[in-house]
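Report on the structure given below.
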Amino acid sequence: MKRFALILDRDGTLIEHVPYLSSPAGVRLLPGVSEALRAAQSSGALLFLHSNQSGVGRGMFEASAVAACNARLIELLGLGPAPFERICVAMEAPDQPSLFRKPSPAFAREVMRDYHLAASQVWYCGDRGSDLETARQAGVRAVGVATGLDDLRMELGELGLAESFPVFASLENAIAHILRETT
Ligand SMILES: [Mg+2]
3 MKRFALILDR DGTLIEHVPY LSSPAGVRLL PGVSEALRAA QSSGALLFLH
53 SNQSGVGRGM FEASAVAACN ARLIELLGLG PAPFERICVA MEAPDQPSLF
103 RKPSPAFARE VMRDYHLAAS QVWYCGDRGS DLETARQAGV RAVGVATGLD
153 DLRMELGELG LAESFPVFAS LENAIAHILR ETT
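Per this note's numbering, residue 3 is the first one in the sequence shown, and the count goes up by one each step.
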């Protein structure tokens with residue numbers, strides 16, 4: 003079985019995108035997400051979470067609120083207590099020095115290094131242009147999901163990435179594509 007990394011965005015990809023979500027009560031899984039992640043895991047995917055949470059850097063809420071929402075997400079997924087190998091929360095605001103804020107490729111590089119994976123063994127999946135731009139900067143693979151608040155295809159067109167990454171109507175379809183391409 004192949005071993006590969008699937009780096010997932012959170013808001014608009016795994017859960018309904020509520021802007022500046024800070025309450026676990028507001029965490030709602032998108033349809034089919036748990037089943038799709040389970041299928042990926044059983045096909046050799048190591049799951050990672052990479053989420054921009056500038057609400058912390060902007061002083062709107064604390065890092066603990068993000069952690070509480072992530073804990074609720076994990077509870078709703080029902081894939082055990084630690085479905086993600088690693089969770090990267092980029093808390094900086096756009097005007098603060100970027101550490102891991104997407105489109106920074108820093109987290110993708112960390113995953114490749116620490117898990118001994120080639121760029122061809124790492125996939126990003128997200129609902130925004132910045133998710134796919136992260137993959138482009140890191141030189142890894144990626145798919146988009148049209149389950150967020152914005153029109154991803156239009157955003158990719160503006161970034162000149164429309165031809166670079168496929169966009170799917172659901173995470174289930176996106177993961178089916180990844181599994182076809184990797185196994
Ligand atoms: Mg998102």
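For each residue, glycine too, the CB sits at the ideal point set by N, CA and C.
These figures come from a predicted structure and were not determined experimentally.
The residue among E165, D97, Q43, E160 with its C-alpha nearest the C-alpha of A144 is E165.
In chain order, the residues with a C-beta atom nearer than 7 Å to some heavy atom of ligand 1 are D11, R12, D13, G14, T15, H19, G128, D129, R130, D133, G150. In the structure shown, R138 adopts helical secondary structure according to DSSP, grouped into three states. Annotated three-state conformation of R143 is strand, per DSSP. Around the beta-carbon of M114, 16 or more other beta-carbon atoms lie within 10 Å, marking it buried. Listed as beta-bridge partners of I9 by DSSP are F50, Y126. Contact between the segment 153-167 and the segment 82-91 is absent, with fewer than three C-beta pairs closer than 8 Å. In the three-state reduction of the DSSP assignment, R103 falls in the coil class, being assigned neither a helical nor a strand state. Between the segment 167-182 and the segment 37-44 there are three or more inter-stretch CB-CB distances shorter than 8 Å, so the stretches are counted as touching. Beyond the five residues adjoining it in sequence on each side, P96 comes within less than 7 Å, by CB distance, of S56 in the same chain, given in chain order. Nearest Cα to L48 within the set P168, L134, V29, W125: W125.
Contact between S172 and V142 does not hold, since the beta-carbon distance rounds to 22 Å and is not under 8 Å. In this structure, DSSP gives E18 a state outside helix and strand, which the three-state scheme calls coil.
Excluding five sequence positions before and after V35, the CB atoms of its chain that fall closer than 6 Å to its own CB belong to L16, L173, given in chain order.
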